[in-house]
Amino acid sequence: MGAGWILILLVFLLDLVLVEHGWCGHLCPLGATYGVIGSKSALRIRAVKREACTHCMDCFNVCPEADILKQPLKEGDRNVMSRDCISCGRCIEVCPEKVFEFKVRSSKQD
Numbered sequence: 001m002g003a004g005w006i007l008i009l010l011v012f013l014l015d016l017v018l019v020e021h022g023w024c025g026h027l028c029p030l031g032a033t034y035g036v037i038g039s040k041s042a043l044r045i046r047a048v049k050r051e052a053c054t055h056c057m058d059c060f061n062v063c064p065e066a067d068i069l070k071q072p073l074k075e076g077d078r079n080v081m082s083r084d085c086i087s088c089g090r091c092i093e094v095c096p097e098k099v100f101e102f103k104v105r106s107s108k109q110d
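Counting in UniProt numbering, the final residue of the sequence shown is number 110, and the numbers go up one at a time with none missing.
Shown next as structure tokens:
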């Protein structure tokens, strides 16, 4: 068994046993790049109509890092501020109540 197969097996085991989204959320260089770009982005995902949320969990089911959606749906800041958000917009697409939208970042909101 070559070193490449051992690495693939270790990544698979990391994802399966140790850490949820281990590769995508913690090791993938593309995910890290998206995180850095997203933290400087002019656009933010914002829970503009969080009062309309019916807790159907569709957004949590499609989000690669679902924990980042908890705070914007509760009290306080409505912006998804986590560096783990890659601004994929999946939460916007699946929400039947249109709770989430892309908004331009401004000093009042951040």
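Note that the Cβ used here is the ideal one computed from N, Cα and C, for glycine as well.
Quick one: residues in its chain with C-beta nearer than 7 angstroms to the C-beta of Val104, no 5 flanking neighbours on either side, listed in chain order?
Translated into positions along the sequence shown, residue 104 becomes position 104. Here the set comprises Ala42, Leu43.
Taking DSSP as the reference, what is the three-state secondary structure of Ala47?
Residue numbering aside, residue 47 sits at position 47 when the sequence shown is read from its first letter. Of the three classes helix, strand and coil, the one that applies to Ala47 here is strand, per DSSP.
Hey, how far is the Cα of Gly4 from the Cα of Phe100?
As a position in the sequence shown, residue 4 is number 4, starting the count at 1. As a position in the sequence shown, residue 100 is number 100, starting the count at 1. Taking the straight line joining both Cα atoms gives about 41 angstroms.
Apart from the five residues just before and just after Val62, which ones in its own chain have a Cβ nearer than 6 angstroms to its Cβ?
For the purposes of this step, residue 62 is identified with residue 62 of the sequence shown, where counting begins at 1. So the qualifying residues of the chain are Arg90, Val94.
Identity of the residue in Cys88, Lys98, Glu97 nearest Tyr34 by Cα:
Within the sequence shown, residue 34 is the residue found at index 34, counting from 1. For Tyr34, the nearest C-alpha among the options comes from Cys88.
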